[in-house]
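Quick note, the sequences are listed as chains D and G, same order.
Residues 1 to 382, numbered by my numbering, are exactly what the first sequence covers, in order.
Residues 383 to 714, numbered by my numbering, are exactly what the second sequence covers, in order.
For each residue, glycine too, the CB sits at the ideal point set by N, CA and C.
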Amino acid sequence: MSKAKPLGGRIFTPTFMICLMITGFFIYFAAKRFIFGIGSIANLNDGFPWGIWIAYDVVVGSAFACGGYVMALMVYVLNKGEFHPLVRPALLASMFGYTLAGVSVFLDIGRYLNAYNLYLPWQMNFHSVMFEVAMCIGTYIFVLWLEFSPAFVEKWQLKNFGKILNRVVFALIALGVLLPTMHQSSLGTMMLMAGFKLDPLWHTSSLPLLFLLTALFMGFAMVIFEGTISSRVYDLGDETSMFSKISSIMTWILGFYLVIRFQNIFMRGEMGHAFSGSFLGNMFLLENLLLLIGLFILSSASNRSNPRALFIAAVAILLGGSLFRFNTYIIGFDPGTGWKYFPSVGEQVITYGLIAMEIAAYTLFVKIFPVFEVHKPVESNP
Amino acid sequence: MKIKRRDFLKGAAGSLALLSLDVDSSQARTVQALPPDAVGILYDSTLCVGCNACMPACKRANNMQPDFTGDQEVWDNPQDLSSDTLNIIKKFSNGTGEEKDSETDGYAFIKRQCLHCIDPSCVTACPVSALIKDESTGIVSYNKDACIGCRYCQVACPYNIPKFEWDSPYPEIVKCQLCSHLVEKGGISACCSACPTGASLFGKVSDLIIETRRRLQMKSGKVYDFPVSSLNSGKFHQYKAAKYVHHVYGREELGGTQVMYMSAIKYEKFGLPAFPKESFVSMASGIQYAIYKGMVYPLVVLAGLVFMVKKNKNTEEAENDQKRTDSEGGVS
Ligand code: SF4
Ligand code: SF4
Chain D
1 MSKAKPLGGR IFTPTFMICL MITGFFIYFA AKRFIFGIGS IANLNDGFPW GIWIAYDVVV
61 GSAFACGGYV MALMVYVLNK GEFHPLVRPA LLASMFGYTL AGVSVFLDIG RYLNAYNLYL
121 PWQMNFHSVM FEVAMCIGTY IFVLWLEFSP AFVEKWQLKN FGKILNRVVF ALIALGVLLP
181 TMHQSSLGTM MLMAGFKLDP LWHTSSLPLL FLLTALFMGF AMVIFEGTIS SRVYDLGDET
241 SMFSKISSIM TWILGFYLVI RFQNIFMRGE MGHAFSGSFL GNMFLLENLL LLIGLFILSS
301 ASNRSNPRAL FIAAVAILLG GSLFRFNTYI IGFDPGTGWK YFPSVGEQVI TYGLIAMEIA
361 AYTLFVKIFP VFEVHKPVES NP
Chain G
383 MKIKRRDFLK GAAGSLALLS LDVDSSQART VQALPPDAVG ILYDSTLCVG CNACMPACKR
443 ANNMQPDFTG DQEVWDNPQD LSSDTLNIIK KFSNGTGEEK DSETDGYAFI KRQCLHCIDP
503 SCVTACPVSA LIKDESTGIV SYNKDACIGC RYCQVACPYN IPKFEWDSPY PEIVKCQLCS
563 HLVEKGGISA CCSACPTGAS LFGKVSDLII ETRRRLQMKS GKVYDFPVSS LNSGKFHQYK
623 AAKYVHHVYG REELGGTQVM YMSAIKYEKF GLPAFPKESF VSMASGIQYA IYKGMVYPLV
683 VLAGLVFMVK KNKNTEEAEN DQKRTDSEGG VS
């Protein structure tokens, strides 16, 4: 079916070994958390009940993992078949991104053994944004593994499973587009409940839309970012033409986002606050400056076909989008009465560990499963 | 086919617009009303002498551990609400701190605890209904067997009330449950039983509201009867009425609360924020509710997506087959 092939090659590369080492530290802190409680490794407190495990691992991490979502949207819903080669690598990255966000949630929630209550109809609270997000993300992780499973089918020749899969694959792909649309916007709705605790630069009823748009352009930026690195590291050949097409779509979404963002701030009379020179005002400006840099670079057609410019723009956009999400969940959040929060070493190691696992698992999978299509002209084929 | 796709996109754009709309929450969701038999507390700061009798009484009634501050490990002296402290008397003081109930050079006390909101953010936030509001007493109680420990209730509570047992391997959320175990048996909350002055007064919320009106009409300096422990305890003390601020905190804040405050100094002085009448709950869950009500929108979108994916996937496969036969043809 697909033209993708396992890349093969050495598995225990230096990168892989470093990732394993960081994972080792992760295991130490995770064990400590389960034995002595969250307070033993984290600076979380009753004023800042959510820290980087939620803000980075889940809220930013899942936006980074939106590559699979946007590529499925492009190829299967908007019928842009030309991007097909990008779908599977993006799905793989999304699959690990979301799975590890799930792991992070498991470390973060205090009463993890009670998680089954989310699935008991008489316990479900349909008014709760958290309920919707938890259900959607939980289901989406499962959907991602199934969406990726054709790679397993091809690798292990699972004929029967493949047949079943082929019959339901439409529904899977459709769910794979619907679920992220739902929970990515709900991640924004989530912080509406924080009320006055969230600074007005971020507390707006447009948060759901802003979160959905950031998910979209960060998803595209991640496809470019990962794609550029993979095509260097694995020598996949030139994919710039595909990336430049993606980037022009991304530019439109980004432009639309920025218009809404500033119009919203203006309409609510918060422009003065934004330019007041205060810490939060500056964070707002920084977040949007990064996005504007990305937009500016990509507005020129020649930059869009230059791999280096594309890469820099993607990085700026990823940073800007992440900062927006960080600001909404931590930096712009102030419960009052003097609470402070800065992530502890333990919290950071857990996060680094999750990133390391993601990279290790990704590099492992592309070597043993058919993920990438190589576009390089194959050397003489008699 | 073309038209259908456009229709679908229109639908999608419609739901996008919904996402960004200021949904009129009063339509999207009915705001909770006060249950007729709701019980609560009226805390009158002007009557509180800061004896702290309510604090150990609360600990005893709820089997809570003492909370030590500083080097000593002898007596309970919490600095704020915590996972060991459900109820605390805090002191405002200014300048020389000599005169009671004066904003300058004075002092005053405030009792902090869960206010048992009429439209509680924590209850709306909790994904697994571990926090629920009793339909008759209105008490907001916690069920540790359902709680997953996500702490959304902490983020959502506008008064920063729910606390988390950060140092426990299997932590619980801790907050005042208005001694529901005592109320169930016809009793009253331990803090109000213990209060010697009647500053903490237990009663039916509707009756407490009448009592607040009576107090607001008192002439400051004149002596009146003030009930002790509960409105119908039959016990009274006589005090000179203070010069009340003409505002009962909790009467309307964010939809109102069942624990209410009266005071002779401004509530901001105690760190109690000035809130609008409408709760933040309505905003978030109004949007959420408008989109996900009955799951109609999501299912319509899903149906549209399945249709489009199926069509696109079929054409793609047909093209692939075409190419395959072409190239095979080329080779042979
Ligand atoms: S004060 Fe906070 S914890 Fe208490 S009912 Fe209201 S929202 Fe819930
Ligand atoms: S921490 Fe427990 S009680 Fe609070 S919202 Fe989460 S599940 Fe509900």
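| request: For the region 150-176 of chain D, list the alpha helix (DSSP H) runs that are entirely contained and at least 4 residues long, ordered along the chain. | output: 150-156
| Do residue 55(D) and residue 330(D) come within 8 angstroms of each other at the CB atom, strictly closer than that value? | yes
| query | Would you say residue 205(D) touches ligand 1, meaning its beta carbon is less than 7 angstroms from a heavy atom? | reply | No.
| request: Output yes if chain G places a C-beta closer than 8 angstroms to the C-beta of residue 276(D); else output no. | output: no
| Own chain, CB closer than 6 angstroms to residue 408(G), minus 5 neighbours either side, in chain order | Residue confidence is low: residue 408(G) scores 37 on pLDDT, short of 50, so the model does not pin down where it sits. Its coordinate-derived value is still stated next. Nothing listed; no residue qualifies.
| field | Sufficient close CB pairs (3 or more, under 8 angstroms) joining the region 467-481 of chain G to the region 539-558 of chain G | value | yes
| field | Listed by chain order, chain D residues near residue 445(G) by CB distance under 8 angstroms | value | Going along chain D, no residue has its Cβ under 8 angstroms from residue 445(G), so there is no contact; the nearest lies around 19 angstroms.
| field | Neighbourhood of residue 218(D) by C-beta, 8 angstroms cutoff - its chain only, sequence neighbours within 5 removed | value | 63, 64, 66, 317, 318, 321 and 322
| query | Any Cβ of chain D within less than 8 angstroms of the Cβ of residue 654(G)? | reply | no
| If residue 621(G) sits next to residue 632(G), beta carbons under 8 angstroms apart, how far is it from one beta carbon to the other, in whole angstroms? | Actually they are not in contact, since the Cβ atoms of residue 621(G) and residue 632(G) sit about 22 angstroms apart, beyond 8 angstroms.
| query | Taking the Cβ atom as the reference point for each residue, do residue 547(G) and residue 553(G) lie within a distance shorter than 8 angstroms? | reply | Contact flag set, yes.
| task | With DSSP as the reference, label residue 236(D) as helix, strand or coil. | result | coil
| Rounded C-alpha distance that separates residue 118(D) from residue 57(D) | 21 angstroms
| Member of 99(D), 13(D), 40(D) and 47(D) whose CA lies at the smallest distance from the CA of residue 338(D) | 47(D)
| said: Please list, in chain order, the chain G residues whose beta carbon lies closer than 9 angstroms to that of residue 117(D). | reply: 509, 510, 511, 512, 527, 528, 529 and 530
| Per the contact definition of three or more C-beta pairs closer than 8 angstroms, is the region 237-249 of chain D in contact with the region 280-289 of chain D? | no
| Inter-stretch contact at 8 angstroms, needing at least 3 Cβ pairs: the region 123-141 of chain D / the region 499-510 of chain G | yes
| query | In terms of alpha-carbon separation, which member of 425(G), 421(G) and 474(G) lies closest to residue 521(G)? | reply | 421(G)
| In angstroms, rounded to a whole number, what distance separates the CA positions of residue 565(G) and residue 615(G)? | 14 angstroms
| query | So what's residue 28(D) in DSSP terms, helix, strand or just coil? | reply | helix
| What does a CB cutoff of less than 8 angstroms around residue 648(G) pick up in its chain, not counting 5 residues either side in sequence? | The beta carbon of residue 648(G) lies closer than 8 angstroms to those of 485 and 627 in the same chain, with the five residues before and after it left out.
| query | Is the CB of residue 50(D) under 8 angstroms away from at least one CB in chain G? | reply | yes
| query | Whose C-beta lies closer than 8 angstroms to the C-beta of residue 448(G) among residues of the same chain, with five residues either side of it excluded? | reply | 441, 457, 458 and 466
| Supposed contact pair residue 587(G) and residue 416(G) - C-beta distance, whole angstroms, cut 8 angstroms | 6 angstroms
| said: Quick check on the burial criterion: 16 or more other C-beta atoms within 10 angstroms. Buried or exposed for residue 678(G)? | reply: exposed
| request: At 7 angstroms on the CB atoms, spell out the chain D contacts of residue 503(G), in chain order. | output: For the C-beta of residue 503(G), the chain D residues within less than 7 angstroms are, from N- to C-terminus, 193.
| Which residues of chain D have a Cβ atom closer than 9 angstroms to the Cβ of residue 415(G), listed in chain order? | Those do not exist, as residue 415(G) stays about 16 angstroms from chain D at its closest Cβ, beyond 9 angstroms.
| request: Indicate, with yes or no, if ligand 2 has a heavy atom lying under 7 angstroms from the CB of residue 216(D). | output: no
| When DSSP labels each residue in this structure, what does residue 563(G) get in the three-state scheme? | helix
| message | Looking at chain D, is there any beta carbon in it that lies within less than 8 angstroms of the beta carbon of residue 620(G)? | response | It does not: the Cβ of residue 620(G) has no partner Cβ on chain D nearer than 8 angstroms.
| said: Please list, in chain order, the chain D residues whose beta carbon lies closer than 9 angstroms to that of residue 524(G). | reply: Under the 9 angstroms cutoff, chain D gives no residues; its nearest Cβ is about 12 angstroms from residue 524(G).
| query | On the three-state DSSP scale, how would you describe residue 364(D)? | reply | helix
| request: Pick out the complete alpha helix (DSSP H) segments inside the region 283-324 of chain D, 4 residues or longer, and give them in chain order. | output: 301-304
| said: Within the continuous alpha helix (DSSP H) that includes residue 144(D), where are the two ends? | reply: 129-148
| field | Any non-hydrogen atom of ligand 2 within 7 angstroms of residue 534(G) CB | value | Yes, since a heavy atom of ligand 2 falls inside the 7 angstroms radius drawn around the Cβ of residue 534(G).
| Is residue 121(D) close to chain G, meaning its C-beta is less than 8 angstroms from at least one C-beta of that chain? | no
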